[in-house]
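Sequential numbering of the sequence shown, starting at 3, is according to this note's numbering.
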Amino acid sequence: MSTILKVENATMQFGGVVAVDNLNLEVNEGEIVALIGPNGAGKTTAFNVITGVYQPTNGAVYFQGERIVENHPQGKLKKLYKGEHAGEYTHVLAPTPDHITKLGMARTFQNIRLWKSQTVFDNVLIAMHCRTHANFLAASFRFNRKEEREQRDRVAGLLETVGLYDVRNELATSLPYGKQRRLEIARALATAPRLLLLDEPAAGMNPQETQELTAFIGEIRDSFHMTVFLIEHHMDLVMDISDRIYVLDFGKLIAQGTPEEIQNNKRVIDAYLGVAEDA
Ligand SMILES: Nc1ncnc2c1ncn2[C@@H]1O[C@H](COP(=O)(O)OP(=O)(O)OP(=O)(O)O)[C@@H](O)[C@H]1O
Ligand SMILES: [Mg+2]
3 MSTILKVENA TMQFGGVVAV DNLNLEVNEG EIVALIGPNG AGKTTAFNVI TGVYQPTNGA
63 VYFQGERIVE NHPQGKLKKL YKGEHAGEYT HVLAPTPDHI TKLGMARTFQ NIRLWKSQTV
123 FDNVLIAMHC RTHANFLAAS FRFNRKEERE QRDRVAGLLE TVGLYDVRNE LATSLPYGKQ
183 RRLEIARALA TAPRLLLLDE PAAGMNPQET QELTAFIGEI RDSFHMTVFL IEHHMDLVMD
243 ISDRIYVLDF GKLIAQGTPE EIQNNKRVID AYLGVAEDA
């Protein structure tokens, strides 16, 4: 199995708070991997480092073998292949979250971020445009009819897959919470990612919605051949679908293993599972 994501010695410090402390982890292609831990453990911060939202205080992130994030203040190091300085390294600007999305990584947010005044359909369509064109506004002028029709078909197909086709013309914010979370996932999928990062996809869901989401995440992996890396507090979901689990506490990795290993790990039980509401 090949490694799709590698986080190497990543540290993220905010003033005196070390939110992520020398984190090392790997996610392999086709896996569903979970990142769990108590509130404030640094899970979302880790995702923010991975997706280029924050430049880490130290360490690096590799995606599909490419070093996409690192701590150098001038950007990331790039090897020169041509010219008189061939073989030397220079600094190029670190990729922005948009660039990282284009490389094939997409995410959802802990706090739902939908375009509130847009329909379900347009939320996905706009996300798809962002992937195919550098600049959405410029894109809307250059768009030709055929391209537009193809994209609309793809959006419709995607909405069908995620079970939102029937509500495609409703305003995003008029949907019940569980469906808004699905729409967020559909929007991430519209960018055709290889790796999907989900930050608490089941937050605010009732047990039935959580169960449906669990099945849905498994389907996404299987039907899109995607890799999923998710943060979640619903332990039923985590233990059900994860191939492997990483556990963070106060920014530090305290355990990693299969769901069974994690459930029986005393350090994890003491730090988290023993106190999690639904463990
Ligand atoms: N932009 C920021 N500026 C300052 N401190 C921050 C920032 N982002 C996160 N932190 C701090 O970093 C620590 C980790 O926060 P983070 O949001 O990553 O935790 P989490 O594991 O995602 O928690 P939760 O389960 O509640 O979502 C917390 O102490 C938080 O207050
Ligand atoms: Mg969080």
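We put the beta carbon where it would ideally sit given N, CA and C, even for glycine.
Please read all numbers here as calculations on a predicted model, not as lab measurements.
N- and C-terminal bounds of the alpha helix (DSSP H) containing I286: Limits of the chain in this structure are 3 at one end and 281 at the other, which puts residue 286 out of reach.
beta-carbon D272 near ligand 2 non-hydrogen atom, thresh 8 Å: In the sequence shown, residue 272 corresponds to position 270, counting from 1. Not under cutoff, so the answer is no.
Whole-angstrom distance between L166 and E72, CA atom to CA atom: On the sequence shown, position 70 is the one that residue 72 refers to. On the sequence shown, position 164 is the one that residue 166 refers to. A direct Cα-Cα distance of roughly 38 Å separates E72 from L166.
Let me know if N137 comes out buried or exposed under the rule of 16 or more other beta-carbons within 10 Å of its beta-carbon. The residue you call residue 137 lines up with position 135 of the sequence shown. With a pLDDT of 49 at N137, under the threshold of 50, the modelled position of this residue cannot be trusted, and the question is left open.
Could you tell me whether any Cβ in chain C is nearer than 9 Å to the Cβ of T163? The structure shown has no chain C; it contains just one protein chain.
Give a yes or no on whether the C-beta atoms belonging to P209 and V240 are separated by under 9 Å. As a working mapping, residue 209 is identified with position 207 in the sequence shown. As a working mapping, residue 240 is identified with position 238 in the sequence shown. For P209 and V240, no; Cβs fall outside 9 Å.
For E202, verify whether its CB is less than 8 Å away from any heavy atom of ligand 2. Taking the sequence shown and counting its residues from 1, one reaches residue 202 at position 200. Yes, the Cβ of E202 comes within 8 Å of a heavy atom of ligand 2.
Measuring from the CB of T5, is there a heavy atom of ligand 2 at a distance below 8 Å? As a working note, residue 5 is residue 3 in the sequence shown. Taking the Cβ of T5 as the reference point, every heavy atom of ligand 2 lies at 8 Å or farther away.
Start and end residues, beta strand (DSSP E) containing V206: In the sequence shown, residue 206 corresponds to position 204, counting from 1. Per the sequence presented here, residue 206 reads as Gly, with Val not at that position. That residue, G206, is in no beta strand (DSSP E); it is neither H nor E in DSSP.
Mapping the DSSP letters down to three states, classify N125 as helix, strand or coil. Within the sequence shown, residue 125 is the residue found at index 123, counting from 1. Note: N125 maps to helix in three-state DSSP.
What residue range is occupied by the uninterrupted alpha helix (DSSP H) comprising M241? What you label residue 241 is simply residue 239 of the sequence shown in a count that begins at 1. Segment M237 to I243, the alpha helix (DSSP H) holding M241.
Let me have the residue list for ligand 1: C-beta closer than 6 Å to any non-hydrogen atom, ordered along the chain. With the cut-off at 6 Å, the residues found are F16, V19, A21, G39, N41, G42, A43, G44, K45, T46, T47 and Q112.
In the structure shown, what three-state DSSP assignment does L255 receive? Within the sequence shown, numbered from 1, the residue matching residue 255 stands at position 253. It is a strand residue.
Going by the C-beta, is I128 closer than 8 Å to any heavy atom of ligand 2? As a position in the sequence shown, residue 128 is number 126, starting the count at 1. Because no heavy atom of ligand 2 lies under 8 Å away, the Cβ of I128 does not count as near it: no.
In this structure, does DSSP put L166 in helix, strand or coil? Along the sequence shown, one-based indexing puts residue 166 at 164. Per DSSP, reduced to three states, the secondary structure at L166 is coil, with no helix or strand assignment.
Please report the distance separating the alpha-carbon of R17 from that of A62. The residue labelled residue 17 in the question sits at position 15 within the sequence shown. The residue labelled residue 62 in the question sits at position 60 within the sequence shown. What sits at residue 17 in the sequence shown is Gly, not Arg. Cα to Cα, the separation comes out at about 20 Å.
Could you tell me which of D124, L215 and I233 sits nearest to A174, measuring between CA atoms? Translated into positions along the sequence shown, residue 174 becomes position 172. The shortest C-alpha separation from A174 is found at D124.
From this set, V29, P97 and E172, which residue's C-alpha is nearest I70's C-alpha? As a position in the sequence shown, residue 70 is number 68, starting the count at 1. Of all alpha-carbon atoms in V29, P97 and E172, the one lying nearest the alpha-carbon of I70 is that of P97.
Taking the alpha-carbon positions, what's the T111 to E33 distance? Taking the first residue of the sequence shown as 1, we reach residue 111 at position 109. Taking the first residue of the sequence shown as 1, we reach residue 33 at position 31. Here residue 111 is Phe; the residue named in the question, Thr, does not match the sequence. F111 and E33 have their C-alpha atoms some 20 Å from each other.
Backbone secondary structure at A62 - three-state DSSP: The residue given as residue 62 occupies position 60 in the sequence shown. Strand, per DSSP.
Buried or exposed, going by whether 16 or more other CB atoms sit within 10 Å of the CB of D251? Locating residue 251 in the sequence shown gives position 249, counting from the first residue. With 16 or more Cβ atoms within 10 Å of its Cβ, D251 is classed as buried.
Taking only heavy atoms of ligand 2 into account, decide whether any of them is closer than 8 Å to the Cβ of I233. As a working note, residue 233 is residue 231 in the sequence shown. Flag set: Cβ of I233 near ligand 2.
Which stretch, first to last residue, makes up the beta strand (DSSP E) that contains L185? For the purposes of this step, residue 185 is taken as residue 183 along the sequence shown, with counting starting at 1. Judged by DSSP secondary structure, L185 falls outside any beta strand (DSSP E) and instead within the alpha helix (DSSP H) spanning Y179 to L191.
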